[in-house]
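Colleague:
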Amino acid sequence: MKNIILTALLLCSPVLAQEQRVSDPSGFSTSVPASFKVSQDGSGTIAVEPQQKYMVVIKNHSYNTFEAFAQQANLEKDGFTLVGEVRTINATDRSFRAAKQTATGYLLADTFVCFSPNGGGSLIVALSDEKNADAAYSSAYRMAQNLQYSQPQRDTQLTAALAGKHLIYLYTGNGYSERKDLYLGANGQFAQRNDASSASFNGSGYLTGGGDGSWRVAPGGRLILQYNNGNTGSYTMAAGKANNEVLLNGKRYFVTNR
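Following this note's numbering, the numbering of the sequence shown begins with 25 at its first residue and continues without gaps.
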């Protein structure tokens with residue numbers, strides 16, 4: 025472990041390779057080597073080492089403490105086992121290594137859980153085999169050290185209009201019914217409940233689910249749901265036919281007070 029940290033410190037010396045800056049709309053950015061292939065979508069950023077020896081995944085999260093993150097994390101569910109102890113980066117940020125047995129050896133995941141002064145923060149995860157684990161760790165460590173946070177971009181008018189509202193989606197047809205309830209708290213938190221039922225000649229099924237996290241409306245009228253587990257939902261908003269309706273990705277939701 026000492027060798028890993030020493031390597032990371034050496035690579036973070038003032039003599040730096042040319043880098044590119046990648047940003048996340050939730051309010052943070054970091055530096056990635058210019059030679060890495062970077063791809064971004066609504067779920068985050070993936071940076072792949074030039075020879076594809078390892079990759080680094082960068083995404084946001086809504087946790088306010090590492091303890092809250094640890095309560096929701098489930099390494100065993102994903103087939104991983106914690107290697108060593110959780111390491112302290114600074115007063116708030118932590119990192120840890122986990123391993124997963126595969127047909128070709130071990131897949132190692134070095135995860136940096138970092139926090140923003142504005143709430144939430146970022147996850148930086150280096151994925152590699154055993155041979156390239158130290159280099160992958162060093163790259164992720166450097167990205168964590170180069171994080172910069174800012175206030176997430178918001179549409180203040182739409183945010184104020186939706187704060188404290190209960191959005192309801194209803195669909196029934198062809199023996200299938202669906203209901204979604206989305207509660208947008210005035211404190212920036214949301215709760216979501218999905219209830220679906222279907223009936224056919226082969227029987228029926230019932231599914232319930234939901235998640236909690238933070239919400240905001242980005243400029244341009246996109247509703248962003250940031251789940252506590254790191255996942256992100258993005259919905260294009262448009263006015264409905266009635267005053268108590270709003271369209272999310274084309275689906276009609278009724279808007280009521282909580």
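The C-beta atom is built at its ideal place from N, Cα and C for all residues, glycine as well.
All values reported here derive from a predicted model rather than from experimental measurement.
1. Relative to the C-alpha of Thr116, which candidate in Leu99, Phe93, Asp134, Ala97 has its C-alpha closest?
2. Using only the alpha-carbon positions, how far apart do Ser53 and Ala164 sit?
3. What first and last residue would you give for the alpha helix (DSSP H) that runs through Asp134?
4. Cα-Cα, which of Asn170, Ile82, Thr126 is closest to Gly103?
5. Using only the alpha-carbon positions, how far apart do Ser221 and Tyr200 sit?
6. List in chain order: all unbroken beta strand (DSSP E) runs of 3+ residues lying wholly within the segment 131-195.
7. Of all the options Leu191, Ser55, Ala122, Arg45, which has the alpha carbon lying nearest to the alpha carbon of Glu100?
8. Would you give the residue range spanned by the beta strand (DSSP E) that Ala262 belongs to?
9. Helix, strand or coil for Ala266, going by three-state DSSP, please let me know.
10. Give the secondary structure of Gln95 by DSSP, where H, G and I count as helix, E and B as strand, and everything else as coil.
11. Three Cβ pairs or more, each shorter than 8 Å: is that satisfied between the segment 145-154 and the segment 65-85?
12. Which same chain residues, not among the five before or five after Tyr173, have their C-beta less than 7 Å away from its C-beta?
13. Of the residues Arg118, Thr112, Leu147, which one's Cα is nearest the Cα of Ile12?
14. Between Gly237, Leu132, Ser258, Ala263, which has its C-alpha nearest Asn252's C-alpha?
15. Taking buried to mean at least 16 other C-beta atoms within 10 Å of its own C-beta, is Gly145 buried or exposed?
16. On the CB-based measure, 16 or more other CB atoms within 10 Å of its CB, does Lys61 come out buried or exposed?
17. Once you ignore the five residues that flank Asp65 on each side, which residues in its own chain have a CB closer than 8 Å to its CB?
18. Should Arg217 be labelled buried (16 or more other beta-carbon atoms within 10 Å of its own) or exposed?
Modeller: The answer reads as follows:
1. Within the sequence shown, the letter at position 92 stands for residue 116. Measuring from the Cα of Thr116, the nearest candidate turns out to be Phe93.
2. The residue given as residue 53 occupies position 29 in the sequence shown. The residue given as residue 164 occupies position 140 in the sequence shown. Rounded to the nearest angstrom, the two C-alpha atoms are 13 Å apart.
3. Along the sequence shown, one-based indexing puts residue 134 at 110. Residue range 129-139 is occupied by the beta strand (DSSP E) that includes Asp134, with no alpha helix (DSSP H) assigned at that position.
4. Looking up residue 103 in the sequence shown gives position 79. Taking only the C-alpha atoms, the option nearest Gly103 is Thr126.
5. Within the sequence shown, numbered from 1, the residue matching residue 221 stands at position 197. Within the sequence shown, numbered from 1, the residue matching residue 200 stands at position 176. Interpretation of Ser221 is limited by its pLDDT of 42, a score under 50 that renders its predicted location unreliable; the figure taken from the coordinates is listed afterwards. Looking at the two C-alpha atoms, the distance is approximately 6 Å.
6. Listed in chain order, the beta strand (DSSP E) runs fully inside the segment 131-195 are 145-152, counting runs of at least 3 residues.
7. Here residue 100 is taken as the residue at index 76 of the sequence shown, counted from 1. The candidate whose alpha carbon is nearest that of Glu100 is Ala122.
8. Mapped onto the sequence shown, residue 262 falls at position 238. Start and end: 256-263.
9. For the purposes of this step, residue 266 is taken as the residue at position 242 of the sequence shown. DSSP places Ala266 in coil when its eight states are reduced to three.
10. In the sequence shown, residue 95 corresponds to position 71, counting from 1. Three-state result, Gln95: helix.
11. yes
12. Taking the sequence shown and counting its residues from 1, one reaches residue 173 at position 149. Taken in chain order, the residues that qualify are Gly51, Phe52, Ser140, Pro141, Asn142.
13. As shown, the chain starts at 25 and ends at 282. That puts residue 12 outside it, with no answer to give.
14. The count along the sequence shown starts at 1 and reaches residue 252 at position 228. That would be Gly237, whose Cα lies nearest to the Cα of Asn252.
15. Locating residue 145 in the sequence shown gives position 121, where the first residue counts as 1. It is buried - the Cβ of Gly145 has at least 16 other Cβ atoms within 10 Å.
16. As a position in the sequence shown, residue 61 is number 37, starting the count at 1. Burial call: exposed.
17. Here residue 65 is taken as the residue at index 41 of the sequence shown, counted from 1. Cβ within range, chain order: n/a, list empty.
18. Mapped onto the sequence shown, residue 217 falls at position 193. Exposed.
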